[in-house]
Amino acid sequence: MTRAIPVGLGGRAYEVLVGRDLLDQAGARIAPFLKRPRTAVVSDETVWRLHGERLTAALTAAGIEAHPVIVAPGEQTKSFEGLADVTDRLLALELDRGDIVTAFGGGVVGDLAGFAAAVYKRGIDFVQIPTTLLAQVDSSVGGKTAIDTPRGKNLVGAFHQPRLVLADLSVLDTLSEREMRAGYAEVIKYGLLGDRDFFEWLEANGGKVLTREPGALAHAVARSIEMKAEIVAEDEREQGRRALLNLGHTFAHALEAETGYGATLLHGEAVGVGQALAFRFSAELGLCSGQDAERATRGIAAAGLPVRLAETPGHPFDAGRLVHHMAQDKKAEGGKLTFILARGLGRAFTARDVDAEAVRRFLVAEGARG
Ligand code: GLY
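The opening position of the sequence shown corresponds to residue -19 in the working numbering, with each subsequent residue numbered one higher.
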């Protein structure tokens, strides 16, 4: 069964389709958005090796020429150099304003191809075909596109909404268990930030999601996307509620900055421990019960994600350095730290003016060096 989840953005509204084997329908699904039968497919070497033939066959079957633009896998591709390379190759293909780019890969490819589409000839349309759990439930939906600079992640980018997202659950079959766990951190995030029932469903069914039991996986992906779509429709530019999607991310980004944004600590793993820290910090500040913080921690740990600094690659961390990274974070305003904290399971809110010294003390109590 294919589910269509609308992202209600007026004239820029689009659908996220969730189901198995959507890749084989990609040509027919994308065709309505094309002015002429061709698309540049931006992908990385790994995804292209695994699934490129299947996508090409689906596009060809619909009479669409697929022009692969293959990049190296990994975060380093999301750079000015990577952007220059992709846009140059789009120019060489003579893509014009009526053509579309197909982003076929995980978060790195989606962010890079989306940003290239946003700036290429002042903006052309693009379609997302996310191939990781994390990209399906988070980064492919909502139009955030960006590259990194030596000063930090996602610092140069644009809001550029896709015309269509195809979340094919069958491509998750080839994902490693580690990548599944990392994506699961963003799935459980939706429960923790705003849907206690979904969190409780994950407490009972998270194992089935991780082993890719079809019904459980489909429900988890669809419910996550539904929540993201609803939040994005309400607050596309992150002036308010969309910030809740950053639950756990202030801690996570600081840990990633210390571990080099790579394979040592995957983004999803950092988000796992980051959310556990955000809940325990909320309990420490008297905002939520210790019981809820413990339950959030257990729910994340059950997926095999780190929930304590001591079990997070990169340990021991220096509390002062972590707080320094947080202060550099683009969410920090006027020297104050902004965190997404929680009043309970499913009840996240944005806390501004969080005292940096309180964060430092909390991190030391959690096992960071003082
Ligand atoms: N990944 C957070 C957002 O899309 O707002």
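Every residue, glycine too, gets a C-beta built ideally from N, C-alpha and C.
Let me check you understand the geometry: is the CB of residue i closer than 6 Å to at least one non-hydrogen atom of ligand 1?
i	result
G122	yes
D118	yes
R192	no
R131	no
L92	no
L321	no
R222	yes
L225	yes
Could you tell me which residues DSSP pairs with residue i in its beta bridges?
i	result
E249	Answer is none; E249 lacks a bridge partner.
H47	A20
I80	T19 and D105
Y(-6)	V(-13)
D65	Answer is none; D65 lacks a bridge partner.
K124	F139
G(-1)	D148
A322	A328
P110	G85
R349	D298
Could you give the DSSP three-state label for residue i: helix, strand or coil?
i	result
K133	strand
S150	helix
H140	coil
H31	helix
D177	helix
V212	helix
K58	coil
D333	strand
A217	Note that residue 217 corresponds to Arg in the displayed sequence, not to Ala. Note: R217 maps to coil in three-state DSSP.
R192	coil
A243	coil
A343	As written in the sequence, residue 343 is Leu, which differs from the Ala given in the question. In the structure shown, L343 sits in a helix (DSSP, three-state: H, G or I).
M(-19)	coil
Would you check if the distance between the CB atom of residue i and the CB atom of residue j is smaller than 7 Å?
i	j	result
A299	L343	yes
E55	V88	yes
L289	M306	no
A331	L321	yes
F319	V303	no
E45	R18	yes
L144	V107	yes
L245	L146	no
T112	G94	no
G137	T125	yes
A83	V27	no
G186	A258	no
So that I know if they touch, is there some Cβ in chain B lying closer than 7 Å to that of residue i?
i	result
V88	The displayed structure is made up of one protein chain only, and chain B is not part of it.
If you follow the beta strand (DSSP E) that residue i is part of, which residue opens it and which one closes it?
i	result
T239	Counting along the chain, T239 falls outside any beta strand (DSSP E), though it belongs to the alpha helix (DSSP H) covering H229 to T239.
F297	Here F297 belongs to no beta strand (DSSP E), and DSSP marks it neither H nor E.
Need the endpoints of the alpha helix (DSSP H) that residue i sits in, please.
i	result
T292	Where T292 is concerned, there is no enclosing alpha helix (DSSP H), given that its DSSP letter is neither H nor E.
A97	G87 to V99
A8	A6 to I10
D118	Looking at the DSSP string, D118 is not in any alpha helix (DSSP H), and its letter there is neither H nor E.
T277	G270 to A281
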